[in-house]
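Q: Here's a structure for you.
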Amino acid sequence: MHLAQLNVGHLRAPLESPEIADFVAALDPINQLAEESPGYVWRLKGGEGPQDVVHHDYGDHLLINFSVWEDRDSLWDFVYRSAHLGILQRRREWFLRVAEPYSVMWWIPSDHVPTLEEGMERLDLLRTQGPTPQAFTFKEFYESSEAAWRPAAAEARK
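The sequence shown begins at 1 in the UniProt record's numbering and counts up by one.
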């Protein structure tokens with residue numbers, strides 16, 4: 001099993017604006033750092049360039065980060081024990097504060113490549129049902145042995 005993670009952020013301004021310039025400048029090195037990190041498996045890309053953001057139909061100012069990792073420790077180390085932490089600590093400069101969950105994790109079979117729709121369904125599942133073995137957070141984490149994998153849409157109908 002691998003650990004999928006999706007997080008979304010509502011930008012304070014368009015990506016082209018000066019207010020977001022430091023964040024945009026950090027995209028290339030942080031994405032490269034992720035891809036070179038132990039335990040990294042995959043990330044959804046918006047194009048061939050490292051700064052190409054994921055295009056979607058969920059709103060103009062919604063930025064999406066979607067990746068897969070071998071395990072919790074690999075993702076934790078990248079998020080909190082690498083240069084990524086400095087960017088994370090500055091997130092309020094670039095992203096609006098939201099009252100609902102903006103990050104979700106779930107276990108997937110090692111040979112599965114999750115879709116953006118699947119990730120958004122997992123985020124919705126977390127928002128509507130709270131943490132479960134099918135949609136959880138670092139704070140309320142479930143091990144892979146607790147999560148029988150099934151599509152999020154099937155979980156929502158339960």
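Ideal placement from N, C-alpha and C gives every residue a C-beta, glycine not left out.
According to DSSP, simplified to helix, strand and coil, what is ALA135?
A: Three-state DSSP puts ALA135 in a strand.
Q: Just verifying my parser: in three-state terms, what is the DSSP assignment at TYR142?
A: Coil.
Q: Identify the continuous beta strand (DSSP E) that holds LEU3 and give its terminal residues.
A: Here the beta strand (DSSP E) through LEU3 covers 2-10.
Q: Tell me the rounded alpha-carbon separation between PHE23 and PHE136.
A: Approximately 26 Å, taken between the alpha carbons.
Q: Please classify GLY119 as buried or exposed, where buried requires at least 16 neighbouring CB atoms within 10 angstroms.
A: Buried is the call here.
Q: In whole angstroms, what separates the C-alpha of GLN51 from that of ALA147?
A: Because the pLDDT of GLN51 is 48, which lies under 50, any placement of that residue in the model is unreliable, and the number read from its coordinates should be weighed accordingly. The straight-line gap from Cα to Cα measures roughly 33 Å.
Q: Since PHE66 is in the beta strand (DSSP E), which residue starts that stretch and which ends it?
A: 62-69 is the extent of the beta strand (DSSP E) around PHE66.
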